[in-house]
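These notes are about the structure you will find just below.
Number of protein chains: 2
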Amino acid sequence: MPVTPEVILTAFRQKGLRITGPRRTLACLLVETVGSEFTAEQLWDMALARDPDVGRATVFRAVEILQELHLLDRVEFADGSHRFRFCNNAKQHHHHITCSQCGKVIEVDACLSAEQIAKVESLVDFSIEGHRLEFFGRCGECRDPANPSIRHNTY
Amino acid sequence: MPVTPEVILTAFRQKGLRITGPRRTLACLLVETVGSEFTAEQLWDMALARDPDVGRATVFRAVEILQELHLLDRVEFADGSHRFRFCNNAKQHHHHITCSQCGKVIEVDACLSAEQIAKVESLVDFSIEGHRLEFFGRCGECRDPANPSIRHNTY
DNA sequence: GGACATAATGATATTGTGTCTCAATAGACT
DNA sequence: AGTCTATTGAGACACAATATCATTATGTCC
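Protein sequence lines correspond, in order, to chains A and B.
My numbering puts the first residue of the first sequence at 7, with every later residue one more than the last.
My numbering puts the first residue of the second sequence at 7, with every later residue one more than the last.
Following this line, the structure appears as structure tokens:
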């Protein structure tokens with residue numbers, strides 16, 4: 007079942023935000039990007055192809071809003087860079103694993119258990135409001151078949 | 007037991023890198039930063055105060071090397087920015103929790119268990135070479151005493 | 001100690017990424 | 001349709017980091 011742009015537009019509406027031309031363009035664009043990553047700049051490029059008038063700032067602003075709405079995931083790479091990703095299972099909490107060689111991204115539902123998080127909270131006088139978890143590695147295609155078990159073990 | 011600059015310089019030597027003036031300056035500087043965070047730019051500023059000739063690029067290069075040597079931790083904040091931190095327990099694997107209000111950083115040794123990581127690895131055709139885990143929240147001082155349990159639950 | 005090969009440096013230009021400002025525009029509601 | 005104001009777009013700006021390359025200085029060998 008494909009995701010429709012309405013999902014995004016509805017989220018905007020529910021937040022009391024207006025449905026504008028650029029936001030429509032982006033919504034239509036994003037549902038077609040499922041499974042791929044892009045920088046905000048790249049998203050702007052893609053949007054320009056559909057509407058030569060959309061402004062750079064508008065796209066950057068939309069990316070920020072969509073992140074807050076949990077419709078856009080920020081994926082961090084091993085080199086410190088990041089890209090965004092419109093995930094199909096946006097509603098479900100998940101993390102990502104990225105291939106440090108080819109950049110492939112896969113969603114994983116692994117996470118710390120509530121108990122583990124509660125334990126951290128009890129040890130440091132902090133109330134934990136969120137966390138970020140990223141896995142780095144090599145995908146099957148990039149892993150050298152001759153040395154399948156080479157690990158850097160930066161665990 | 008305070009950390010000495012030798013720890014850093016020795017790490018350089020063991021990697022086959024030369025001990026240079028700028029690197030000495032940085033080593034001495036870093037051991038005095040324990041418990042605080044800084045950007046590469048800020049580190050450069052601090053270095054300039056001790057040696058007006060150190061170049062910007064040199065400091066940035068050193069930061070990169072020190073990260074590889076696991077002597078400098080890259081700490082990510084909730085807003086997407088990052089700073090570096092010379093941790094006293096650099097040898098021991100750990101993560102950080104940052105206060106999204108005042109920016110305070112605390113080291114936590116919580117982490118996924120080896121089993122959890124192994125499970126991820128078995129589910130996605132990836133060999134996991136590393137991961138990054140950051141906790142965000144509010145420290146005791148920043149948390150509103152009247153509403154101590156407000157959570158955003160971005161878990 | 002002196003000479004050598006080259007790692008490392010520093011100045012500068014350049015790129016990349018994202019933010020800010022503000023007048024103009026256009027949703028949404030009546 | 002008219003009004004209010006969120007949103008937009010252009011461009012200036014800020015910041016972070018990298019690339020280039022001639023010069024310097026380290027470590028090593030003698």
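Ideal Cβ positions, reconstructed from N, Cα and C, are used throughout, including at glycine.
Source: prediction; values computed, not measured.
The criterion of a C-beta distance shorter than 8 Å is satisfied by B/L49 and B/V65. B/E74 carries a helical assignment under DSSP once its states are collapsed to helix, strand and coil. With fewer than 16 other CB atoms across the displayed protein chains lying within 10 angstroms of its CB, A/S42 is exposed.
What A/F141 touches in chain B, judged by beta-carbon distance under 7 Å, is V126, I134 and H137, going in chain order. DSSP places B/C105 within a strand segment (E or B) once states are collapsed to three. With distances taken between CA atoms, A/E38 lies nearest to A/V9 out of A/H99, A/G86 and A/V9.
Scanning B/F141, B/D57, B/I14 and B/G22 for the CA closest to the CA of B/C105 turns up B/F141. Contact between the stretch 131 to 148 of chain A and the stretch 131 to 141 of chain B is present: 3 or more CB-CB pairs across the two stretches fall below 8 Å. Within the DSSP secondary-structure output, B/I112 pairs in a beta bridge with B/I103.
Take the alpha-carbon of B/D79 and the one of B/D115: they are about 14 Å apart.
Residues of chain B whose Cβ lies closer than 8 Å to the Cβ of A/L78 do not exist, since the nearest Cβ in that chain is about 13 Å away. As the crow flies, the alpha-carbon of B/G86 is around 15 Å from that of B/C108. Take B/P11, set aside five residues on each side of it, and the residues of its chain with a beta-carbon closer than 8 Å to its own are R30, A33, C34, L36 and V37, in chain order. Under DSSP, the beta-bridge partners assigned to A/L139 are B/L139. As computed with DSSP, A/V81 is found in a beta bridge with A/R89.
Interface flag for B/S87 against chain A is unset, since no Cβ pair is found closer than 8 Å. Identification of residues in the stretch 47 to 64 of chain B having a C-beta nearer than 8 Å to some C-beta of chain A yields an empty set. Under the three-state reduction of DSSP, B/C148 is assigned to coil, being neither helix nor strand.
The beta carbon of B/I112 sits closer than 8 Å to some beta carbon of chain A. Per DSSP, B/K97 is not a residue of any alpha helix (DSSP H), being assigned neither H nor E. A/E82 sits buried, since 16 or more C-beta atoms from the chains shown fall within 10 Å of its C-beta. In the three-state DSSP reduction, A/E43 falls in the strand class (E or B).
Taking the Cα positions, B/I103 is about 42 Å away from A/R56. Per DSSP, A/C34 is one residue of the alpha helix (DSSP H) stretching across G27 to L36.
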